[in-house]
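Numbering (the working numbering), first residue to last: 67 to 324.
Just so it is clear, CB atoms sit at the ideal spot from N, CA and C, and this is done for glycine as well.
This report refers to the structure that appears directly beneath it.
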């Protein structure tokens with residue numbers, strides 16, 4: 067089984083991952099490492115927040131990259147999470163946000179992951195104005211997510227409204243990856259906010275709806291956050307209808323790796 071991108075307590079995995087241990091020859095990584103920006107410890111609303119990426123990796127030449135599922139994208143092993151873990155994009159002041167993102171990019175991070183629910187839109191909004199300050203050639207991949215209301219139906223309408231709202235906050239025409247943010251279980255009442263494999267995979271279901279967003283050029287790729295019941299998750303992964311799965315992973319509580 068391939069390992070993948072670790073983001074706080076999440077990882078994105080694929081059974082066909084390859085490890086690229088060399089820096090990418092890509093315009094996203096074209097700056098001279100000697101121009102690396104070094105910042106002192108940052109203080110956020112949660113107290114002292116020390117970002118030691120540069121201490122660990124030195125510069126982007128030390129970052130490793132891996133294939134993200136079947137997207138064809140190569141992402142840094144460490145990415146920038148826009149949620150509550152760390153909380154910089156949803157709770158810190160603008161100067162801290164700006165310095166943290168600049169430090170992350172300078173260390174070779176090339177993916178920022180958000181969700182509509184992170185800070186009730188605050189994360190996406192922060193990414194929107196922050197990316198305007200980054201040269202286009204240095205901008206990272208951006209992903210975001212939405213949760214579907216299983217009781218409301220109209221998955222197509224839900225998806226397009228949610229992604230349109232996210233793109234407005236992000237100040238972008240499309241994202242690199244759009245993900246389903248629900249738990250997945252055998253029945254919708256098994257877990258809070260759960261949807262079933264049938265909700266996802268049936269004709270006209272969520273997978274078809276998500277694919278239509280690719281066809282409309284609102285997102286390049288689609289995935290899902292792989293939380294819920296293992297059997298149901300395996301069904302969705304095995305369908306190969308999605309290009310990535312973002313899996314919760316805690317090294318200290320892991321049962322091991324195959």
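query = What is the rounded straight-line gap between the Cα of residue 128 and the Cα of residue 245?
reply = The residue labelled residue 128 in the question sits at position 62 within the chain shown. The residue labelled residue 245 in the question sits at position 179 within the chain shown. Their Cα atoms are separated by approximately 29 Å.
ask   = DSSP state of residue 22, grouped into three classes?
value = What is shown of the chain runs 67 to 324, which leaves residue 22 out entirely.
request  = Specify whether the stretch 223-238 and the stretch 200-207 touch according to this definition: at least 3 beta carbon pairs, one from each stretch, less than 8 Å apart.
outcome  = no
request  = Spell out a yes or no on whether the stretch 207-224 and the stretch 265-277 are touching, meaning 3 or more CB-CB pairs, one atom from each, closer than 8 Å.
outcome  = yes
task = Taking only the alpha-carbon atoms, compute the straight-line gap between residue 199 and residue 163 and give it to the nearest angstrom.
result = Against the chain shown, residue 199 aligns to sequence position 133. Against the chain shown, residue 163 aligns to sequence position 97. Using only the alpha carbons, I get a separation of about 12 Å.
inquiry  = Can you tell me where the beta strand (DSSP E) holding residue 208 begins and where it ends?
reply    = Translated into the one-based positions of the chain shown, residue 208 becomes position 142. Looking at the DSSP string, the run of the beta strand (DSSP E) that includes residue 208 is 207-212.
key: Alpha-carbon to alpha-carbon, residue 242 and residue 310   = On the chain shown, position 244 is the one that residue 310 refers to. On the chain shown, position 176 is the one that residue 242 refers to. The straight-line gap from Cα to Cα measures roughly 12 Å.
inquiry  = Please identify the residue among 132, 131, 139 whose C-alpha is closest to the C-alpha of residue 286.
reply    = Here residue 286 refers to the residue found at position 220 of the chain shown. Among 132, 131, 139, the Cα nearest to that of residue 286 is on 139.
ask   = Roughly how many angstroms separate the alpha carbons of residue 229 and residue 175, rounded to a whole number?
value = Translated into positions along the chain shown, residue 229 becomes position 163. Translated into positions along the chain shown, residue 175 becomes position 109. Distance between the alpha carbons of residue 229 and residue 175: 24 Å.
message = If distances are taken between C-alpha atoms only, which option among 232, 195, 217 comes closest to residue 211?
response = Translated into positions along the chain shown, residue 211 becomes position 145. Considering only alpha carbons, the answer is 232.
query = What residue range is occupied by the uninterrupted alpha helix (DSSP H) comprising residue 193?
reply = As a working note, residue 193 is residue 127 in the chain shown. Start and end: 188-198.
ask   = By the 10 Å Cβ neighbour count, where 16 or more other Cβ atoms means buried, how is residue 314 classified, buried or exposed?
value = Stepping through the chain shown from its first residue, residue 314 is reached at position 248. Exposed, because fewer than 16 other Cβ atoms sit within 10 Å of the Cβ of residue 314.
task = Give a yes or no on whether the C-beta atoms belonging to residue 178 and residue 157 are separated by under 9 Å.
result = Taking the first residue of the chain shown as position 1, residue 178 is located at position 112. Taking the first residue of the chain shown as position 1, residue 157 is located at position 91. Against a cut-off of 9 Å, the Cβ pair of residue 157 and residue 178 comes out as no contact.
message = With a threshold of 8 Å on Cβ separation, who are the neighbours of residue 253 within its own chain once the five nearest residues in sequence on each side are excluded?
response = Mapped onto the chain shown, residue 253 falls at position 187. Excluding residues within five positions, the ones whose Cβ falls inside 8 Å are 260, 262.
request  = State buried or exposed for residue 191, treating a residue as buried only when at least 16 other CB atoms are found within 10 Å of its CB.
outcome  = Numbered from 1 along the chain shown, position 125 holds the residue referred to as residue 191. Answer is buried; the Cβ neighbour count reaches 16.
task = Can you give me the Cβ contacts of residue 284 inside the same chain, cut-off strictly under 6 Å, excluding the 5 residues immediately before and after it?
result = Residue numbering aside, residue 284 sits at position 218 when the chain shown is read from its first letter. Here the set comprises 229, 240.
request  = Output the distance between the C-alpha atoms of residue 250 and residue 288, rounded to the nearest integer angstrom.
outcome  = For the purposes of this step, residue 250 is taken as residue 184 along the chain shown, with counting starting at 1. For the purposes of this step, residue 288 is taken as residue 222 along the chain shown, with counting starting at 1. Between residue 250 and residue 288, the C-alpha separation is close to 16 Å.
key: Alpha-carbon to alpha-carbon, residue 201 and residue 155   = Counting from 1 along the chain shown, the entry for residue 155 is found at position 89. Counting from 1 along the chain shown, the entry for residue 201 is found at position 135. Their backbone Cα atoms lie some 19 Å apart in a straight line.
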